[in-house]
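Worksheet: one structure, shown below.
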Amino acid sequence: MTSESGRPLRRVARVVLLDPCDRILLLYGHEPEDPADDWWFTPGGGLEGDETREQAALRELREETGITDVELGPVLWQRICSFPFDGRRWDQDEWYFLARTSQTATAPEGLTELERRSVAGARWWSCRELTEAHETVYPTRLAELLRRLLDEGPPNRPEILDTEIV
Numbered sequence: 009m010t011s012e013s014g015r016p017l018r019r020v021a022r023v024v025l026l027d028p029c030d031r032i033l034l035l036y037g038h039e040p041e042d043p044a045d046d047w048w049f050t051p052g053g054g055l056e057g058d059e060t061r062e063q064a065a066l067r068e069l070r071e072e073t074g075i076t077d078v079e080l081g082p083v084l085w086q087r088i089c090s091f092p093f094d095g096r097r098w099d100q101d102e103w104y105f106l107a108r109t110s111q112t113a114t115a116p117e118g119l120t121e122l123e124r125r126s127v128a129g130a131r132w133w134s135c136r137e138l139t140e141a142h143e144t145v146y147p148t149r150l151a152e153l154l155r156r157l158l159d160e161g162p163p164n165r166p167e168i169l170d171t172e173i174v
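Going by my numbering, the sequence shown opens with residue 9, and the numbers climb by one from there.
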């Protein structure tokens, strides 16, 4: 699969991790050379080798947050996105998995060198806090998507989100 530019799409698994209070865990990141260029995003990352998206979601969650007590649910959303980061353009095919945990303490245990330079923390957000936030959050409609998820439950099949090019 390739992007509109002809570049290969990086296959990515992301996790919409909810705690018992229905708060979502987001990571706080920034451009490695410009901490003022910052945003919040869901844990996750690219598939390695022949792992499945489910395996990648759980591995990335463990590496980025240290959280392993997880009940992985269905794929909620899928999207294609393209964005600049660390001096290159990233074209991604992202699948967002629902997951639940009672483990709320985070301790990254397997960050890559790039992640160590660009991930500055994690925070649990209520839906209300996310809706009222003035920070940049990806995907950009996350507050609305989370509200619908909490009100209606997971969709019968993954919702295809609009392509997002930054």
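We treat Cβ as the ideally placed atom computed from N, Cα and C, and that holds for glycine. Note that this is a predicted model, so its numbers are computed, not measured.
With DSSP as the reference, please indicate the residues paired to residue i in a beta bridge.
{"i": "residue 166", "result": "In the DSSP output, where bridge partners are listed per residue, residue 166 has none listed."}
{"i": "residue 39", "result": "42"}
{"i": "residue 80", "result": "107"}
{"i": "residue 24", "result": "106"}
{"i": "residue 129", "result": "36"}
Compute the beta-carbon to beta-carbon distance between residue i and residue j, rounded to the nearest angstrom, for a pair I have assumed lies under 8 Å.
{"i": "residue 127", "j": "residue 53", "result": "That belief does not hold up - the Cβ atoms of residue 127 and residue 53 are roughly 11 Å apart, past 8 Å."}
{"i": "residue 33", "j": "residue 51", "result": "7 Å"}
{"i": "residue 109", "j": "residue 42", "result": "The Cβ separation is near 32 Å, so there is no contact."}
{"i": "residue 94", "j": "residue 122", "result": "6 Å"}
{"i": "residue 171", "j": "residue 88", "result": "5 Å"}
{"i": "residue 69", "j": "residue 35", "result": "In fact, because the Cβ distance is near 10 Å, the residues do not count as touching under 8 Å."}
{"i": "residue 55", "j": "residue 81", "result": "With a Cβ gap of about 19 Å, residue 55 and residue 81 do not count as contacting."}
{"i": "residue 90", "j": "residue 173", "result": "5 Å"}
{"i": "residue 21", "j": "residue 64", "result": "4 Å"}
Under the three-state reduction of DSSP, which class applies to residue i: helix, strand or coil?
{"i": "residue 159", "result": "helix"}
{"i": "residue 115", "result": "coil"}
{"i": "residue 153", "result": "helix"}
{"i": "residue 147", "result": "coil"}
At what residues does the beta strand (DSSP E) containing residue i begin and finish?
{"i": "residue 100", "result": "96-109"}
{"i": "residue 29", "result": "Per DSSP, residue 29 belongs to no beta strand (DSSP E) and is neither H nor E."}
{"i": "residue 54", "result": "52-54"}
Please list the terminal residues of the continuous alpha helix (DSSP H) segment that includes residue i.
{"i": "residue 135", "result": "135-140"}
{"i": "residue 65", "result": "61-73"}
{"i": "residue 125", "result": "121-126"}
With a threshold of 7 Å (Cβ to nearest heavy atom), would residue i be considered close to the ligand HEM?
{"i": "residue 155", "result": "As for the ligand HEM, it is missing from this structure, which has no ligand bound."}
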